[in-house]
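According to the working numbering, the sequence shown is numbered sequentially starting from 1064.
Even glycine gets a Cβ: it sits at the ideal position worked out from N, Cα and C.
The structure displayed is predicted, hence computed values, not measured ones.
Note sheet for the following structure.
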Amino acid sequence: MLEQMYGQKKRKVRVYQLMKDVYALRQGDLSVADFYATLKSKWEDLDYHSEATWHCHDDQMQYVAKEWDNRIFLFLAGLNDEFENIRSQILNSEESFSIEDVYSRVEVEEQRRLVTPGGKRDHIPYNERSALVSRGPSSAPKPLRRCTTHCKKTGHTVDFCWDLHLERLGNRARSSSGKTPVSEDTKSSGGKASISAKQL
């Protein structure tokens, strides 16, 4: 009698733990196949510890049908949000599906996403995928050109150095303000800036 009571208590603890695991299980980083296999293993363990009794065959059939409906809901509820469309299609369908049918449809959707441009998961953790989606394309800044043979300043080459081509500087300034600029070339007399020939 004590052995039977101890065995009954042990069975209840095991069933409780299995049920807790099943209801808490989520796909996360798992593929659809791995997630389904994990759930199926726990369901089989639950069936092994089941002590349901039937008064007739119809009772058994009704229980089994209800149990598998519950397992379909658990499987769909544990999927990642990326499968929301296929999940809604299955739940809103008038057709009755077995758990194998549901799993097959979801796996087909996963494979379709893997081969569709922009839909590849690459087994990136789910909590990191949303962060990757929010990042825009990066572009490296263009290197500044340096006038290495004259003024040593960046942003132009010697062919466009204003210290050597004052007429280009004058044309640019006149096109924007209508005024002739004063060059900032070498200060040769009393620290005053020299005036270009065009200003004279």
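**Request:** Determine the extent of the alpha helix (DSSP H) in which E1163 is found, giving its start and end residues.
**Result:** I1162 to V1178
**Prompt:** Using a Cβ-Cβ cut-off of 7 Å (strictly less than) and excluding sequence neighbours within five positions of E1172, which residues of its own chain qualify?
**Reply:** Once the five neighbours on either side are set aside, the close Cβ partners of E1172 are F1146 and I1149.
**Message:** Comparing C-alpha positions only, which one of G1141, T1179 and E1157 sits nearest to Y1166?
**Reply:** G1141
**Asked** Between W1131 and I1162, what straight-line distance do the alpha-carbon atoms span, to the nearest angstrom?
**Response** Cα to Cα, the separation comes out at about 7 Å.
**Asked** Nearest to A1096 by alpha carbon, out of V1127, S1159, Q1125 and F1138?
**Response** F1138
**Asked** Hey, L1109 and L1088: beta-carbon distance below 8 Å or not?
**Response** no
**Item:** Option in H1120, V1169 and A1128 with minimal Cα separation from N1143
**Value:** V1169
**Message:** Going by beta-carbon coordinates alone, are W1117 and R1134 separated by less than 8 Å?
**Reply:** no
**Asked** Does DSSP put D1122 in a helix, a strand or coil?
**Response** It is helical.
**Prompt:** Out of S1159, Q1152 and L1154, which has the shortest C-alpha to C-alpha gap to A1128?
**Reply:** S1159
**Prompt:** CB-CB under 7 Å to A1100, same chain, minus the five flanking residues each way: which ones, in chain order?
**Reply:** none
**Item:** Residue from S1151, D1121 and Y1111 with nearest C-alpha to L1081
**Value:** Y1111
**Request:** Would you tell me roughly how many angstroms separate the C-alpha atoms of D1164 and R1074, rounded to the nearest one?
**Result:** 31 Å
**Request:** Indicate the three-state DSSP secondary structure (helix, strand or coil) for E1264 in the structure shown.
**Result:** What is shown of the chain runs 1064 to 1263, which leaves residue 1264 out entirely.
**Message:** Whole angstroms are fine: how far does the CA of D1092 sit from the CA of D1084?
**Reply:** 17 Å
**Message:** Once the 5 residues before and after D1121 are set aside, which same chain residues still bring their CB inside 6 Å of it?
**Reply:** Cβ within range, chain order: n/a, list empty.
**Prompt:** When you compare only the Cα positions, how much space is there between M1077 and L1154?
**Reply:** According to the sequence as given, residue 1077 is Arg; it is not Met. CA-to-CA, the gap between R1077 and L1154 works out to about 31 Å.
**Request:** Starting from S1104, follow the alpha helix (DSSP H) in both directions and report where the run begins and ends.
**Result:** V1095 to H1112
**Request:** With Q1152 as the anchor, note down where its alpha helix (DSSP H) starts and where it stops.
**Result:** E1147 to N1155
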